[in-house]
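S.K.: Okay, handing you the structure first.
Residue numbers (this note's numbering): 523 to 767.
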């Protein structure tokens, strides 16, 4: 793992409060709390089509299968208690949208534009996303599994009770984000940006990390002894240490 600084064209990170993690009375740091997930597949759904969502900007209790949306503006749309299977989103705008109590299976999207959106009690399974623009969004009770994403931009976002499992992420940008109860298992992350992030009960032991930006942002995270060894050169550089034999 290496650490470096870089500039992006994304929104500037918002100042974030430091983690509230505290030592126990015995002086030990408590183990990370796992995400609180109570997710279940939606039931009692009615088979529908995308025209209902496009017309009313609202889908509830629907199952959509094999639809392709191209260039649609779904700003502020609501998708609630639904299941989307084999859906393709091409240049679809979901700014400020709400997705709740919903399962997305095998979603495909080269560019998922959903800044300032809300995701609550959502599962994303077996999906492929190029760029996911989710900056300044709110995620709670979200599980992403067996999915591949190139860039996930969560700058300035709020994440609570989130799990990443069996995923591959080329870049995960959490700059300025507030993250509480995040667990990463069997997931490769090429670049993890934690600049200005606030972490609390974040378990990174199951992550394969190649590069970290913003080492100070690791405060509040749990890593493995092996990850600490891999981080040693970057930590030495960050602290200005001259390590010699």
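Ideal Cβ positions, reconstructed from N, Cα and C, are used throughout, including at glycine.
Across the stretch 728-748 and the stretch 595-609, are there enough close Cβ pairs to call them in contact, namely three or more that are closer than 8 Å?
M.R.: Taking 8 Å as the limit for Cβ pairs, the verdict is that the stretch 595-609 does not touch the stretch 728-748.
S.K.: Please report the distance separating the alpha-carbon of residue 472 from that of residue 675.
M.R.: Because the chain here runs from 523 to 767, residue 472 falls outside it and cannot be looked at.
S.K.: Classify residue 834 as buried or exposed, calling it buried when 16 or more other Cβ atoms lie within 10 Å of its own Cβ.
M.R.: Limits of the chain in this structure are 523 at one end and 767 at the other, which puts residue 834 out of reach.
S.K.: Check residue 656 in the structure and name its three-state DSSP category.
M.R.: Reading the chain shown from its first residue, position 134 is the one you call residue 656. Residue state, collapsed to three classes: coil.
S.K.: In or out: residue 703 buried (at least 16 other Cβ within 10 Å) or exposed?
M.R.: Numbered from 1 along the chain shown, position 181 holds the residue referred to as residue 703. By the 10 Å Cβ count, residue 703 comes out buried.
S.K.: Residue 605 lies in the beta strand (DSSP E); which residues open and close that run?
M.R.: Here residue 605 refers to the residue found at position 83 when the chain shown is read from its first residue. Taken as a continuous stretch (DSSP letters only), the beta strand (DSSP E) holding residue 605 covers 605-607.
S.K.: Does the Cβ-Cβ distance between residue 627 and residue 607 come in under 8 Å?
M.R.: On the chain shown, position 105 is the one that residue 627 refers to. On the chain shown, position 85 is the one that residue 607 refers to. Going by C-beta atoms, residue 627 is nearer than 8 Å to residue 607.
S.K.: So what's residue 738 in DSSP terms, helix, strand or just coil?
M.R.: What you label residue 738 is simply residue 216 of the chain shown in a count that begins at 1. If DSSP states are grouped into helix, strand and coil, residue 738 belongs with the helices.
S.K.: Could you name the residues of the same chain whose beta carbon sits closer than 6 Å to that of residue 634, not counting the 5 residues immediately before and after it, in chain order?
M.R.: For the purposes of this step, residue 634 is taken as residue 112 along the chain shown, with counting starting at 1. Hits under 6 Å: 651 and 654.
S.K.: Suppose you measure from the CA of residue 714 to the CA of residue 622; what does that come to, to the nearest Å?
M.R.: Taking the chain shown and counting its residues from 1, one reaches residue 714 at position 192. Taking the chain shown and counting its residues from 1, one reaches residue 622 at position 100. So the two alpha carbons sit approximately 27 Å from each other.
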